[in-house]
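The number in our numbering is simply the position in the sequence shown, starting from 1, with 25 added. Idealized CB from N, CA, C, for every residue including glycine.
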Amino acid sequence: AQTDEDQGAGLEEASLRKLEKILSKNWGVEVILIAGDGGITSENVQMEMMRYVGVLQRIHADEILLDFTHGFRSMPMLLNSALDFWQSLYPVRTPIRMVYGEFRQRSESTVHYLDDIQHTLRVAQAVRFFFEKMDGSELAKLVGDFWPSGEKALNALTIRIQENRPC
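Written as structure tokens, this is what we have:
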């Protein structure tokens with residue numbers, strides 16, 4: 026007897042959980058799989074983003090690998106929004122790795138490593154905090170490796186501004 030899955034209606038929850046167990050056992054790491062709605066619309070976009078946040082909250086690992094290969098084209102944007110929202114509520118210092126496998130039928134497929142997306146978002150947020158709130162503490166942490174004197178200057182300026190003392 027054919028199931029709805031066999032007819033292309035999407036994966037059933039039981040199949041996802043079974044596949045999670047198989048992959049987790051084979052790879053020796055916890056694997057969490059989700060299947061979203063058949064498409065992203067203005068009516069379901071918030072629900073889908075919160076579905077991602079719910080999955081992110083279940084992760085307790087030293088490193089997070091997110092693979093959105095063959096996902097909806099909107100999935101990377103939704104995933105970044107979910108990560109940003111999640112990290113606003115629960116600041117995570119866990120390294121987040123992101124990969125996307127490009128499918129090609131006649132040649133070797135390319136894997137794109139997009140780990141720096143999260144880093145660039147943190148830099149943009151730190152710059153925004155600096156200009157909007159004159160708080161350079163996050164920006165100082167991000168520049169310390171390649172500009173130690175800049176880190177010291179940003180920290181000193183932030184302290185002076187917060188203390189409301191003249192420089």
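Task: Sequence ranges, alpha helix (DSSP H) only - wholly within the region 84-130, length at least 4 - done: Whole alpha helix (DSSP H) segments, 4+ residues: 100-114.
Task: Rounded Cβ spacing between E73 and V56 (contact assumed at less than 8 Å) - done: About 20 Å separates the beta carbons of E73 and V56, which is beyond the 8 Å limit, so they are not a contact pair.
Task: Three-state secondary structure assigned by DSSP to V54 - done: For V54, the three-state secondary structure derived from DSSP is coil.
TODO: Less than 8 Å between the CB atoms is what I'm expecting for I89 and T119, so what's the real figure, rounded?
DONE: Confirmed, about 6 Å.
Open item on the list: Using a 10 Å radius around the Cβ and a threshold of 16 neighbouring Cβ atoms, would you call W172 buried or exposed?
Closed with: By the 10 Å Cβ count, W172 comes out exposed.
Task: Distance between K177 and S162 (C-alpha atoms, nearest Å) - done: Those two C-alpha atoms are separated by around 10 Å.
- [ ] Would you mind stating whether V80 and I59 have Cβ atoms separated by less than 9 Å?
- [x] In this structure, I59 lies closer than 9 Å to V80 by Cβ.
Open item on the list: Taking 9 Å as the threshold (C-beta atoms), are L164 and F154 in contact?
Closed with: Contact annotation: F154 and L164 have beta-carbon atoms nearer than 9 Å.
Task: T7, DSSP secondary structure in three states - done: Because the chain is modelled from 26 through 192, residue 7 falls outside the range shown and cannot be assessed.
Task: Other residues of its chain near G175: CB distance less than 6 Å, five sequence neighbours each side excluded - done: Residues V168 of the same chain have their beta carbon placed closer than 6 Å to that of G175, with the five preceding and five following residues left out of the count.
Open item on the list: Quick check on DSSP: helix, strand or coil for E37?
Closed with: In the three-state scheme derived from DSSP, where H, G and I count as helix and E and B as strand, E37 is classed as coil.
Task: Separation of D92 from S106, as counted between CA atoms - done: Going by the C-alpha atoms only, they are around 16 Å apart.
Open item on the list: Is the beta carbon of Y125 closer than 9 Å to that of T94?
Closed with: In this structure, Y125 lies closer than 9 Å to T94 by Cβ.
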